[in-house]
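Protein chains: 2
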Amino acid sequence: MSDLPPRDDTDDLEGSIPIAPDRKPTGPWHIGPRDLPLPRDVSDELRESIAATPQPDPDEAGVPDDEDAVRALVADMDALAAEQVRALCDRVGATITPNVIGGVDVFHVSPATLDPRHEDHLFVYVHGGGFILNAGEAGAMEAIVIAHRIGIRALSIDYRMAPDHPLPAPVDDVSAVYRQVVSERPAAAVALGGSSGGGNLSTIAVQQAIRDGIDVPGALYLGTPGNDMSDVGDTLYINRGIDRAIPSHESYVNAVRFHAGGRELTDPMVSPVYESFEGFPPTFLVSGTRDLLLSATARTHTRIRAAGSIADLLVLEGVAHGDYGNPLNSPESRFTYAELNKFLLQHLS
Amino acid sequence: MSDLPPRDDTDDLEGSIPIAPDRKPTGPWHIGPRDLPLPRDVSDELRESIAATPQPDPDEAGVPDDEDAVRALVADMDALAAEQVRALCDRVGATITPNVIGGVDVFHVSPATLDPRHEDHLFVYVHGGGFILNAGEAGAMEAIVIAHRIGIRALSIDYRMAPDHPLPAPVDDVSAVYRQVVSERPAAAVALGGSSGGGNLSTIAVQQAIRDGIDVPGALYLGTPGNDMSDVGDTLYINRGIDRAIPSHESYVNAVRFHAGGRELTDPMVSPVYESFEGFPPTFLVSGTRDLLLSATARTHTRIRAAGSIADLLVLEGVAHGDYGNPLNSPESRFTYAELNKFLLQHLS
C-alpha cells in the first residue's frame, strides 16, 4: 500500500479495540472446508449458468508447462472461439475488418447502430486469454459486445503472444497501436481497455504512455484485470476452488511464465500493480465475489484513487473471473456494460 | 437482482463459452480447506494487527441466545468501549456533549479543528454493534474519528436497542433524529451514515424518508453495512472463518433475532437490501477482501446504481468487517476517511 497517504503523527489514533487479546497470535491461518450454496441474490440467468457448471477443481492440470502442448491447446480453443465470434457478429449485425495499425494486426469492429453520442469516440480493445489464447478473430468477442451494446466503434488489437512472443512483444504491440491512434485523434476521445490479461496490458500501456509523455486515454476499462500475476493477493487464496473460470493461480501460472520470458512475476512488466499509477485517466473496474482476481482488481482501484485519479469499482454478487460476460444474456452482463457506457459518456470528450 | 435493467430481447447475446461442457453439473459446492497467508500488499500496521489476531473461529459461541447473558456481555463491552471513547476524545481534543433531539438521546461531537469547508455541514452518525452493543458514549467512537479526521461536526445517535427495545424502536429513533435535523437545516448539508448495524439503520432511515416525502441527506455513508441479516450472500460462506471481526453468520444471528422481534430476517426492516433503492442520495461504501459482509455491501452498491443514483465502493485488501477502523492508525484507515471526505466535499452543499 505504498501509494496510500503516509502516516501523520498528529493523527495518532491508536484506540482500536483489540480482538480477544487473551489469545495467542498465530501465523498463516488454516481455513477449514465449507459448503458454498448457489448464489441466491443473482439473476436467474447467472444462477442457472452456475448451476450447470461443474465445481471448480483448483488442482486441475490447467495450462501445460510444455510449449507444444500449449500450442495444441490454444489452436483448438481459438478455433472454437473464432466460430463463436463470427456467430455473434451475424446475430448482432456487427462487422469486423482486419487491418494493420502501427505495424500491428488489428480488427475494426463496427456495430449495426452507432450511438450518435459516440460518433467521435473509439474504443481500443485489448483482449484477454492469459497471454496465450484468443489470437486472430477469437480475440474480438468482448470488443463486439462493447461495440454492440454501447454503440461505439472499436479497434481490437491482435497482439503477438507467448509462447512464441514473450514480453515485451505483447506490450510493444498494444502501445504501438495506442500511440498511432492518439497521433490521429484526440486521446480524450479514445477509450482503452479489456478484461483479464487485456486489463494487464492496457494498464501497462497507460503507464508507458505516462512515462513517455504521451496523452493518456479519456477513459480506461479494466475488467477483472490480471494486474498481479504473482501469488500475492488475498482472493487468490480465498476464492481458490470457487472461481469457475480460473480455479487457482497454479491453473494459469505456466501461461504467465511463458509470457514473462524469464522476468520475476512481480516485475511491473508482468504485474503492473507494482508500478506507479500517478497520472492515470478515469478508470472503470469490474469484479465479483467469486473472482480469483478480486484482490488484483481492488488493489488497482485503490492505487489509482490513492494517486488522486477517478476510479470506479463494481463488485457483482456471484460473479467469477469474467462472469459479467458469461452468460452474455444475464442482467449482470447488461448492467456491467450499461455502467461502462455511463462512465464513457461522462469521461470521453 | 430485481433492480437490474430488464432483459432486452433485441440484445439476445447468448454466445458465451460454456466451461467444460463435457462434465456433469453439480449442486452446492463443497469447498476444501486452504491456507490463507498474511496479506502481503497491505500496510505494516494492518499486517501486524492481523498477525497479532488469533485465527477466527467460525464455531465460536458468539452472541448468546439468553437475554440476561446478552445484557451481561453488553455491559462489560460497553464499559470498555466508553473508556476508549473518552481516551480518544482526550487525545484528539474532541468534545462530546449529551443532548436530546426529537425525543432521542444523542451526543454532539465537536472536533478540535473544524474545516471551514464543513462549517455548514453536519454528519449524523449511527453507530454499529449488532443492534445490541455501544449504548451511551460507547457508540461515539467512529463519530469522533470522522469529526476529527474530516473536521466536521457530528451528531451520534444513542438509539434504543435489543433485547429491551427490538424493532421498530431503533429505526424510529434514527428516523426521529434525522427528521428533526433536516427540519432545521437543508438536508443537502447533512451527511448520514455509520458502519455495520449503523449502515443498516441509516439505509432504512433513508428508505423511510423517501417513502414519506422527506428530503434525503446530501450524502450517505455505509461502512460494511449489515444490509442483509439473513443467510443470503456469497461472502457469508466464502469469508466464514476468515473475517476476524465477525467469524460467521451464526456468531451474531442471535443478536439479529433479538433486534428483529419476531420478523423474518429477510423482512426489509431487518435486511433493507430487499427494499427499493429508488431515489437514494449519493452513497459511499467501504468493505474489504476478508469482510463477511462484502456481499451485503456490494449488493447495496449495485442496487443503488441500478436505481440510477451515484454509489462509490471501496474494497480494501486484507480488510475484514470494520478493519478500516482497526487499527485506527493504519494507512488503510486514513485512506478510507480521506476518501469519505472527498465524497462529502463533492456532494454536500
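Residue numbers (this note's numbering), protein chains in the order written: chain C, 1 to 349; chain Y, 1001 to 1349. For each residue, glycine too, the CB sits at the ideal point set by N, CA and C.
Within the region 1314 to 1342 of chain Y, the residues whose Cβ lies closer than 8 Å to any Cβ of chain C are, in chain order, 1314, 1315, 1316, 1317, 1318, 1325, 1326, 1327, 1328, 1329, 1331, 1332, 1333, 1334, 1335, 1338, 1339.
Taking residue 1054 of chain Y as reference, the option from Y:1328, Y:1245, Y:1308 with the minimal CA-CA separation is Y:1245.
Contact between residue 141 of chain C and residue 84 of chain C holds: CB atoms are separated by about 7 Å, below the 8 Å threshold. Among the residues of chain C, none has a CB under 7 Å from the CB of residue 1134 of chain Y; the nearest is roughly 11 Å distant. Rounded to the nearest whole angstrom, the C-alpha separation of residue 339 of chain C and residue 332 of chain C is 10 Å. In terms of Cα proximity to residue 1115 of chain Y, the closest of Y:1129, Y:1124, Y:1147, Y:1132 is Y:1147.
Relative to the Cα of residue 175 of chain C, the nearest Cα in the group C:310, C:184, C:203, C:270 belongs to C:203.
Against residue 239 of chain C, the close residues of chain Y are 1238, in the order they occur along the chain (beta-carbon pairs closer than 9 Å). At a cut-off of 8 Å between C-beta atoms, residue 242 of chain C counts as an interface residue with respect to chain Y. Look at residue 31 of chain C: its C-beta is under 8 Å from a C-beta on chain Y. At a cut-off of 8 Å between C-beta atoms, residue 1289 of chain Y counts as an interface residue with respect to chain C. Taking every protein chain shown into account, the CB of residue 205 of chain C has 16 or more other CB atoms within 10 angstroms, so this residue is buried.
Note on the region 152 to 184 of chain C: whole beta strand (DSSP E) runs with a minimum of 3 residues are 153 to 157, in chain order.
Below the 7 Å Cβ cutoff, chain Y contributes 1289, 1317 as neighbours of residue 295 of chain C, in chain order. Taking residue 252 of chain C as the centre and dropping the five residues before and after it, the same chain places the C-beta of 62, 63, 130, 246 closer than 7 Å to its C-beta, in chain order.
Residues of chain Y whose Cβ lies closer than 7 Å to the Cβ of residue 306 of chain C are, in chain order, 1335. Minimum Cα-Cα distance from residue 1270 of chain Y among the listed residues Y:1278, Y:1261, Y:1276, Y:1277 corresponds to Y:1261. If you check each beta-carbon in the region 38 to 65 of chain C against every beta-carbon of chain Y, the ones closer than 7 Å belong to 38, 39, 40, 41, 42, 43, 51, 52, 53, 54, 55.
Between residue 1104 of chain Y and residue 256 of chain C, the alpha-carbon positions lie close to 59 Å from each other.
Using a C-beta cut-off of 8 Å, the region 174 to 193 of chain C makes no contact with the region 310 to 325 of chain C, since fewer than three inter-stretch Cβ pairs fall below that distance. In this structure, residue 1106 of chain Y sits near residue 1155 of chain Y, with a CB-CB distance shorter than 8 Å. In the DSSP assignment, residue 1259 of chain Y falls within the unbroken alpha helix (DSSP H) covering 1249 to 1260.
According to DSSP, residue pairing for residue 1101 of chain Y in a beta bridge involves Y:1104. Of Y:1303, Y:1170, Y:1095, Y:1345, the smallest CA-CA separation from residue 1137 of chain Y is found for Y:1095.
Comparing alpha carbon positions, the residue from C:128, C:120, C:181, C:109 closest to residue 90 of chain C is C:109. Counting the other Cβ atoms within 10 Å of the Cβ of residue 100 of chain C gives fewer than 16, which makes it exposed. For residue 284 of chain C, the secondary structure class from DSSP, reduced to helix, strand or coil, is strand. Burial is judged here by how many other beta carbons sit within 10 angstroms of a residue's own beta carbon; residue 1197 of chain Y has at least 16 and is buried. Contact of residue 1257 of chain Y with chain C is not assigned, every C-beta pair being separated by 8 Å or more.
Proximity of chain Y to residue 117 of chain C at the Cβ level (cut-off 7 Å) is not reached, the minimal Cβ distance being about 18 Å.
Rounded to the nearest whole angstrom, the C-alpha separation of residue 195 of chain C and residue 1036 of chain Y is 26 Å. DSSP lists Y:1154, Y:1191 as the bridge partner or partners of residue 1123 of chain Y. In this structure residue 158 of chain C touches residue 139 of chain C by the C-beta definition: roughly 6 Å separates them, less than 8 Å. Secondary structure at residue 1199 of chain Y: helix, using DSSP grouped into helix, strand and coil.
Closer than 8 Å to the CB of residue 253 of chain C there is not a single CB belonging to chain Y. Residue 1081 of chain Y counts as buried, since no fewer than 16 other beta carbons sit within 10 angstroms of its beta carbon.
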